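The numbering of the sequence shown is the numbering used here, which starts it at 2 and goes up by one.
The structure appears right after this line, and notes come after that.
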Amino acid sequence: MDATSTPQSNDIDKKALPECIVFPARKEHTATVIISHGLGDTAKNFGRFLRELKDHSDLGHVKFILPSAPVMSVTGMQGRVMPSWADVYSFDYINRQEDEDGLMRAVSWIKHLIRIEETEHNIPSKRIIIGGLSQGGSISILTAITTEKPLGGLFALSTYVPLRRKILTPHAKNIPILWCHGTGDQLVSIDDWKQLAQTLAQQLSVPFITSDYPNDFPAMDQDTSFKNDDDMQNDGGRLHFRSYEGMGHTIVNEELVEVAAWISRRIPGEPGPSKAGCLLC
Numbered sequence: 002m003d004a005t006s007t008p009q010s011n012d013i014d015k016k017a018l019p020e021c022i023v024f025p026a027r028k029e030h031t032a033t034v035i036i037s038h039g040l041g042d043t044a045k046n047f048g049r050f051l052r053e054l055k056d057h058s059d060l061g062h063v064k065f066i067l068p069s070a071p072v073m074s075v076t077g078m079q080g081r082v083m084p085s086w087a088d089v090y091s092f093d094y095i096n097r098q099e100d101e102d103g104l105m106r107a108v109s110w111i112k113h114l115i116r117i118e119e120t121e122h123n124i125p126s127k128r129i130i131i132g133g134l135s136q137g138g139s140i141s142i143l144t145a146i147t148t149e150k151p152l153g154g155l156f157a158l159s160t161y162v163p164l165r166r167k168i169l170t171p172h173a174k175n176i177p178i179l180w181c182h183g184t185g186d187q188l189v190s191i192d193d194w195k196q197l198a199q200t201l202a203q204q205l206s207v208p209f210i211t212s213d214y215p216n217d218f219p220a221m222d223q224d225t226s227f228k229n230d231d232d233m234q235n236d237g238g239r240l241h242f243r244s245y246e247g248m249g250h251t252i253v254n255e256e257l258v259e260v261a262a263w264i265s266r267r268i269p270g271e272p273g274p275s276k277a278g279c280l281l282c
């Protein structure tokens, strides 16, 4: 398909918006998932690893949007130029100074994509899920906890919480969160971030659920963050921390299968006409 440009908004310069890869819904479009890649990657490359999501039989109604981070000099990588959502001053995730302006600029881009889905494609915010890997996951977390509207959910893969001392918005506590992390992650320690994920759950005043793949596989079906929208309105959000034995700082098919199941339960679809293809926006 031909490439199309990202629509312009009143508050964001069109030229400043990231390029996106879009996988249109294969059936009637009734939900959207926005997935952000990690440091040094691109949407085009990242999309090659997401077949378990975009081709999942239960997600034909979902459009997948993969934004690409801008290219910039990254301080923590000795000034190397690469795709990055914001500058990274160091890889001491617990104690480092953070590029707040850059992080919030990236958040504004994701929120802009959400607004486009609402205003131009008539997709309610509660039918929009955001997520990402590593740095892309951190941008998604920051977007979710600062949003002024209810979202369908958040999934965070091998990631961390940026700007942890920022004020959370009222809607943040109602967003179901699936946080996946590998026990073999040498870049982002699972022990450190499991503890901080629990702290985030406490700040949100939501239950903190933990389970391990593959030993606790049934726990995914029992997780109340799978509830439908009406139930979640009455019962609030959940943070489910799911660990994967031996997985490093990456994604694996088993993880994506579970993320796909989680998405399909959060934003279920109805049968509709089949569509196919991929395009740039």
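All C-beta atoms in this analysis are idealised placements derived from N, C-alpha and C, irrespective of residue type, glycine included.
Note that the structure is a prediction, hence the values are computed from the model and not measured.
Selection from the options that minimises the alpha carbon distance to residue i
| i | options | result |
| --- | --- | --- |
| Pro269 | Pro25, Glu20, Glu246 and His30 | His30 |
| Arg49 | Val189, Ser265 and Ile252 | Ile252 |
| Val72 | Trp86, Gly61, His62 and Gln79 | Trp86 |
| Val63 | Ala70, Met248 and Lys55 | Lys55 |
| Gly137 | Leu18, Asn254 and Ala44 | Ala44 |
| Gln187 | His250, Gln204 and Ala70 | His250 |
| Asp193 | His172, Ser206, Lys174 and Val162 | Val162 |
| Ile287 | Lys195, Ser109, Gly61 and Leu18 | No statement about residue 287 is possible, as the shown extent of the chain runs from 2 to 282 and does not include it. |
| Asn254 | Lys195, His57, Gln98 and Lys28 | His57 |
| Leu164 | Gln98, Asp42, Lys195 and Lys28 | Gln98 |
Where residue i sits in the DSSP three-state scheme
| i | result |
| --- | --- |
| Asp213 | strand |
| Thr200 | helix |
| Arg299 | Residue 299 is absent from the structure shown; the chain starts at 2 and stops at 282. |
| Arg81 | strand |
| Asp231 | With a pLDDT of 43 at Asp231, under the threshold of 50, the predicted position of this residue should be treated as unreliable, and no value is reported. |
| Leu114 | helix |
| Ala262 | helix |
| Trp194 | helix |
| Ser58 | helix |
| Pro68 | strand |
| Val23 | strand |
| Thr120 | helix |
| Ala87 | coil |
| Met105 | helix |
| Leu40 | coil |
| Glu99 | coil |
| His250 | coil |
| Thr33 | strand |
| Leu205 | helix |
| Leu51 | coil |
| Leu257 | helix |
Beta-carbon proximity of residue i to residue j, cut-off 9 Å
| i | j | result |
| --- | --- | --- |
| Ser244 | Ser141 | no |
| Ile111 | Ile191 | no |
| Glu121 | Cys181 | no |
| Ala157 | Ile129 | no |
| Glu118 | Pro68 | no |
| Thr160 | Ser135 | yes |
| Ala261 | Asp100 | no |
| Glu283 | Tyr214 | Residue 283 lies beyond the residue range present for the chain, which begins at 2 and ends at 282; the question has no answer from this structure. |
| Met105 | Leu143 | yes |
| Pro84 | Ala70 | yes |
| Gly103 | Gly39 | no |
Sequence-distant residues of the same chain with beta carbon closer than 6 Å to residue i, five excluded per side
| i | result |
| --- | --- |
| Phe209 | Gln199, Ala202 and Leu240 |
| Ile176 | Ala145, Leu152, Leu155 and Gly238 |
| Gly77 | Val89, Tyr90, Ser91 and Phe92 |
| Thr211 | Phe242 |
| Thr33 | Lys64, Glu118, Ile124 and Ile129 |
| Ser74 | Gly80 and Val82 |
| Leu197 | Val162 |
| Ser139 | Thr160, Tyr161 and Pro163 |
Sequence-distant residues of its chain with Cβ nearer than 8 Å to residue i (five each side left out)
| i | result |
| --- | --- |
| Gly247 | Gly183, Thr184 and Gly185 |
| Val189 | Tyr94, Ser135, Ser159, Thr160, Tyr161, His182 and His250 |
| Lys195 | His182, Thr211, Phe242 and Ser244 |
Cut-off 7 Å between Cβ atoms - residues of its own chain near residue i, not counting five sequence neighbours on either side
| i | result |
| --- | --- |
| Leu114 | Ile35, Ile66 and Pro68 |
| Ser126 | Ile115, Glu119, Lys150, Pro151 and Leu152 |
| Phe47 | His38 and Leu67 |
| Ile131 | Ile35, Ile111, Ser141, Thr144, Ala145, Leu152 and Leu155 |
| Lys174 | Leu205, Ser206, Val207, Gly237 and Gly238 |
| Ser172 | Per the sequence shown, residue 172 should be read as His rather than Ser. Contacts found: Thr148, Glu149, Lys150 and Pro151. |
| Asp232 | At Asp232 the pLDDT is 43, less than 50, meaning the model places this residue with poor confidence; the figure from the coordinates comes in the next sentence. Within the same chain, Asp232 has no close Cβ partners at all. |
| Asp42 | Pro84 |
| Glu53 | Asn254, Leu257, Val258 and Ala261 |
| Ala220 | In this prediction, Ala220 has a pLDDT of 49, which is less than 50 and means its spatial position is unreliable; nothing more can be read from the coordinates. |
- With a floor of 3 residues, list each beta strand (DSSP E) that falls wholly inside the stretch 125-164, ordered by position along the chain. 129-134 and 154-158
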